[in-house]
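A.B. asks: Our numbering puts the first residue of the sequence shown at 353, with every later residue one more than the last. Dumping the structure here so I can ask a few things about it.
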Amino acid sequence: MKDQLLYVAGRVVQAVVVLWASYTVTFIILNLLPANPIDLILHARGIPDGTISGPELEAVKHQYGLDQTPLQQYFTMLVNALHGDFGTSYMQGLPVSQLIAQRLSNTLVISGLSIVVSFIGAFLLAFFAAYTRHDWIRSLINMLPTLGVSVPSFWIGLLLMQVFSFGLGLLPAVGTEGWQTLILPTITMSIPMMALLSRLLITGFEEVLHEEFITTAKAHGLSYRTIIATHVLRNGALPAFTMLGLVVGHTVTGAIVAETVFSRQGVGMLVQQSVENQDIPVVQGVVLLAAAAFVVINLIVDLIYPVLDPRISHIRKGGGTMSISITESPVLGVAIPQPRHHVANRITGFITKRFFVVLSAVFLAFVIVSSAFPQLFTRIDPYKTNPADKLLAPSAEHWFGTDQVGRDLFTRVLYGGRATILASLVSLSIAFFGGLLLGVIAGYFGGVLDALFMRGVDVLLSIPGLLLAITIVTAIGFGTTPVAIAIGIGILPGFARTTRSQVLKVRERSYIEAAKVNGVPVASIVFKHVIPNAIGPVSVLALLEFGSVIMAVATLSFLGFGARPPAAEWGSLINDGRSYLVTSPWVPLLPGLTVVLTVLSITVIAQSLKKKGNL
């Protein structure tokens, strides 16, 4: 009992520390804002520069706490935040807590519904994948999560709007009033989460089917249906419970996109508008609430999970932290009876294992070459307007049609691919080399450095990645380069953690110990032995993350934080064209389809290489 109380107390203290550190990180990032907050406030009030008197200016500074030093602001805002006061909006002059409260219910409704739909849908997919005896059905189901994680949520929303609102006229396209307005935003937010959860559940069910107790159950004559219902579903679904914190974090960023697409007056749209206006207090307030939700949910999961799964035991370590160990090791390699291979199974196997991989490689090669050298595929100026040719449908002359000012859309997509892919590579480079540096330092030297590193990673991971990137963009400004930097920093913790875990393994090897004993310089050991042996898994992560980074760049560009017009980026092309979804649906949908196929191709290739052991 005493150990349990100490564990609970330790986890609560750790959660409080992570939440405090999240506030600190957010405060530091947002106070790097190049613009003067006073100028932003005066501009919002319509007061021209230099027309306000000294006493009036001091009064404005005092109202927003800008007459204090940064350190005073830090502690004042921290104390106020503990009492639910997140400051005053620069743009609207209203308390941030009031603005959030006015819109929170709209966001909570679609967030809660999307979580429920995601878990139910993922559970059903995983159940059918485990229950079916037909390989071709299982293969098709296993393909769905890959497709789901490859489609940007904003494009899902536009596609649903085109089909069910403008095409069939069944559901409203925008608005907040009425239960019908909940359906499309909920589905938009659910599909990416459902894909992630179903992939985890399918893997969990497959692992349970290979457990020793499943073989024992079969030996006792239990039917396959009974085994699935009694053992597989419960034990295989438990790991998905640990994803609840991640799912809650995803709903925050998902709400920003969904509410922007469907014009819902929620917290997500409030964030999007506040970032555009660099309204620091509002952005900081929402980030703190999101981090608090993430930390609290993870704390609850950590405390409840051992009760749900008796195989988990908490062993108290020094300093009040805990490690989780599975007392019943899974026994893999038990043969599961497979049905006879029919012609359909062989055809499906060929398609899923070879045809799609080859097709993906060909398409990805085309995207890379055409983005790097668009002049090889088109001689049309991507910026040349021709009002007489505006909104032309796709044809032999204009493969993707034309946009609202008569520019060739195919050409714009090629040039937009250059900007988007280049930004994605910059993001990956920042995450790769930054994560490699931090992971090597923390893993090799250990001690205090390692402890600080892990706490720092926990803090950054407590803020949803896309929301962290949005926070950074708020501070450093808009454009392709700021977006690339923001996303790179947002995904850096994952690369650093992967590097650290590999370095911890490498540093224990005998040749590393021998090098230390022989007096080999630390730099030589690190660069000749540690990094070469640890860099492989980090490179794997870079390839696996490439598609996700492209979607993140496109998402921030779609939200209006990327390059300014008339520059072309995939996300901005889709955003510019969504106003013409009713009359000219190809304008937003074809650039979006390009993003989907590119990300899907990367995912298929990466998964194929991983299965073959090349990654």
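For each residue, glycine too, the CB sits at the ideal point set by N, CA and C. Every value quoted in this text rests on a predicted model; they were computed, and no experiment measured them.
Using DSSP with H/G/I as helix, E/B as strand and the rest coil, what is Val695?
C.D. replies: Confidence at Val695 is low in this model, with a pLDDT of 49, below 50, so the placement of that residue is unreliable and no value is reported for it.
A.B. asks: Does the Cβ-Cβ distance between Leu818 and Ala904 come in under 8 Å?
C.D. replies: yes
A.B. asks: Which word fits Arg859, buried or exposed, when buried means at least 16 other C-beta atoms lie within 10 angstroms of its C-beta?
C.D. replies: Note on Arg859: 16 or more other CB atoms within 10 angstroms of its CB, so buried under the neighbour-count rule.
A.B. asks: Among Arg759, Leu744, Leu536 and Trp531, which residue has its Cα nearest to the Cα of Phe327?
C.D. replies: Because the chain spans 353 through 967 in this model, residue 327 falls outside it and cannot be assessed.
A.B. asks: Mind checking Phe752: buried by the 16 CB within 10 Å criterion, or exposed?
C.D. replies: buried
A.B. asks: Any idea if Leu358 is buried or exposed, counting beta-carbon neighbours within 10 angstroms, 16 or more meaning buried?
C.D. replies: exposed
A.B. asks: Check whether the region 771–790 touches the region 557–570, counting contact only when three or more Cβ pairs, one atom from each stretch, lie closer than 8 Å.
C.D. replies: no
A.B. asks: Which partner residues of Pro447 appear in the DSSP bridge assignment?
C.D. replies: Looking at the DSSP output, Pro447 sits in a beta bridge with Thr440.
A.B. asks: Using the three-state DSSP reduction, which class does Thr567 fall into: helix, strand or coil?
C.D. replies: Look at Thr567 here: in three-state DSSP terms it is helix.
A.B. asks: For Thr754, list the residues DSSP reports as bridge partners.
C.D. replies: Asp760
A.B. asks: DSSP state of His435, grouped into three classes?
C.D. replies: Here His435 sits in coil by DSSP.
A.B. asks: Kindly indicate which residue of Val878, Leu813 and Gln959 has the alpha-carbon position closest to the one of Glu897.
C.D. replies: Gln959
A.B. asks: Does the beta-carbon distance from Leu933 to Pro940 come in below 8 Å?
C.D. replies: Yes; because the gap between Cβ atoms is below 8 Å, this pair is in contact.
A.B. asks: Give the DSSP-derived three-state secondary structure of Val369 in the structure shown.
C.D. replies: helix
A.B. asks: What residue from Ile837, Ala411 and Pro524 has the CA that sits closest to Ala783's CA?
C.D. replies: Of Ile837, Ala411 and Pro524, the smallest CA-CA separation from Ala783 is found for Ile837.
A.B. asks: Can you tell me whether DSSP reads Val934 as helix, strand or coil?
C.D. replies: coil
A.B. asks: Taking the C-alpha atoms as reference points, what is the distance between Thr528 and Leu961?
C.D. replies: 45 Å
A.B. asks: Do the CB positions of Val638 and Ile467 come within less than 8 Å of each other?
C.D. replies: no
A.B. asks: Reducing DSSP to helix, strand and coil, say where Gln727 ends up.
C.D. replies: helix
A.B. asks: Should Ala794 go down as buried or exposed, given a rule of 16 or more other Cβ atoms within 10 Å for buried?
C.D. replies: That one is buried.
A.B. asks: Quick one: what's got a C-beta closer than 6 Å to Ala821's C-beta in the same chain, skipping five residues either side?
C.D. replies: Result list for Ala821: Ala838, Ile839 and Gly842, in chain order.
A.B. asks: Let me know if Tyr442 comes out buried or exposed under the rule of 16 or more other beta-carbons within 10 Å of its beta-carbon.
C.D. replies: It is buried - the Cβ of Tyr442 has at least 16 other Cβ atoms within 10 Å.
A.B. asks: Just to confirm my understanding: we take Thr498, look at its own chain, exclude 5 residues before and 5 after, and list those with CB closer than 6 Å. What are they?
C.D. replies: Thr955
A.B. asks: Would the region 424–441 and the region 619–637 be scored as touching if the rule is three or more Cβ pairs under 8 Å?
C.D. replies: yes
A.B. asks: May I ask you to report which of helix, strand or coil DSSP gives Gly670?
C.D. replies: Note that Gly670 scores 40 on pLDDT, short of 50, meaning its location in the model is unreliable; the coordinates nonetheless yield the value given after this. Helix at Gly670.
A.B. asks: Excluding the 5 residues preceding and the 5 following Ala713 in the sequence, name in chain order all residues of the same chain whose CB lies nearer than 7 Å to its CB.
C.D. replies: Ile957
A.B. asks: Residue ranges of each beta strand (DSSP E) run of no fewer than 3 residues wholly in the region 824–885, ordered along the chain?
C.D. replies: none
A.B. asks: Determine the burial state of Ile380: buried for a count of at least 16 other Cβ atoms within 10 Å of its Cβ, exposed for fewer.
C.D. replies: exposed
A.B. asks: Please list, in chain order, all residues of the same chain as Leu790 whose beta carbon is under 7 Å from its beta carbon, the five residues on each side excluded.
C.D. replies: Phe805 and Ala848
A.B. asks: Taking DSSP as the reference, what is the three-state secondary structure of Trp507?
C.D. replies: helix
A.B. asks: Buried or exposed for Ile472, please, with buried defined as at least 16 other CB atoms from any protein chain shown within 10 angstroms of its CB.
C.D. replies: exposed
A.B. asks: Kindly give me the distance between the Cβ atoms of Ile462 and Ala607, rounded to whole angstroms, as I take these residues to be in contact under 8 Å.
C.D. replies: 7 Å
A.B. asks: Can you tell me where the alpha helix (DSSP H) with Trp922 in it begins and where it stops?
C.D. replies: Trp922 to Gly929
A.B. asks: Can you tell me which of Leu952, Phe910 and Gly914 puts its alpha carbon nearest to the alpha carbon of Leu510?
C.D. replies: Phe910
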